[in-house]
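Numbering follows UniProt numbering, in which position 69 of the sequence shown is assigned residue number 69; successive positions increment by one, without gaps. Where is the CB? At the ideal position from N, CA and C, for every residue including glycine. The structure appears right after this line, and notes come after that.
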Amino acid sequence: MSGLKPSLKAPLVVQNPIQFKDAVEVAIRVEKSLNLQNPNVNALASNPQDTEVEKLKQQQNDCMSKMSLMMEQMAILSDQISKLQNKSANTNSRPYVNPPVRRQVTCFYCNIKGHIEPDCRKKLRDQRRERQFANANRGSNSQRQNQSENLNG
1 MSGLKPSLKA PLVVQNPIQF KDAVEVAIRV EKSLNLQNPN VNALASNPQD TEVEKLKQQQ
61 NDCMSKMSLM MEQMAILSDQ ISKLQNKSAN TNSRPYVNPP VRRQVTCFYC NIKGHIEPDC
121 RKKLRDQRRE RQFANANRGS NSQRQNQSEN LNG
């Protein structure tokens with residue numbers, strides 16, 4: 001009797017069963033009658049509106065925890081961006097790059113290394129001299145023709 005619920009002890013004492021089997025049957029009947037008088041609290045708690053409210057609360061808690069996590073991640077990213085911006089402000093906008101390796105080219109006109117024929121100064125100088133010489137010859141030829149015409153005429 002010491003292990004029974006208090007609500008079952010009094011009816012069992014009143015019934016005073018002789019055998020254990022009879023005591024169990026009486027306890028079961030008393031418990032059923034008590035359940036009819038006092039409905040199950042858990043059954044009442046399973047109201048559909050209450051379960052819906054619980055679901056919404058759970059969703060709200062989930063959203064809040066996810067937002068908290070995202071805020072932490074955004075703070076970390078913001079710090080990283082600030083560090084990168086400070087680092088780039090302290091250094092040149094372009095990283096140092098070795099100058100391109102130039103091939104040793106040889107001019108086909110003068111055979112000197114370091115430039116090519118279109119950039120050759122000797123070729124330009126020679127071309128100027130040829131033009132000057134050609135112009136000088138034209139001028140002297142026209143003067144000779146004029147002199148010979150004057151003599152013949």
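Where residue i falls, given that 16 or more other Cβ within 10 Å makes a residue buried
{"i": "Ala10", "result": "exposed"}
{"i": "Val30", "result": "buried"}
{"i": "Ala134", "result": "exposed"}
{"i": "Ala27", "result": "buried"}
DSSP state of residue i mapped onto helix, strand, coil
{"i": "Lys113", "result": "strand"}
Distance, residue j Cα to residue i Cα
{"i": "residue 154", "j": "Ser78", "result": "What the structure shows of the chain is the stretch from 1 to 153, and residue 154 is not part of that stretch, so it cannot be assessed."}
{"i": "Gln60", "j": "Pro6", "result": "42 Å"}
{"i": "Gln15", "j": "Ser33", "result": "15 Å"}
{"i": "Met70", "j": "Ser88", "result": "27 Å"}
{"i": "Arg121", "j": "Asn111", "result": "12 Å"}
Whole-Å CB distance - residue i paired with residue j, under 8 Å assumed
{"i": "Val105", "j": "Lys113", "result": "7 Å"}
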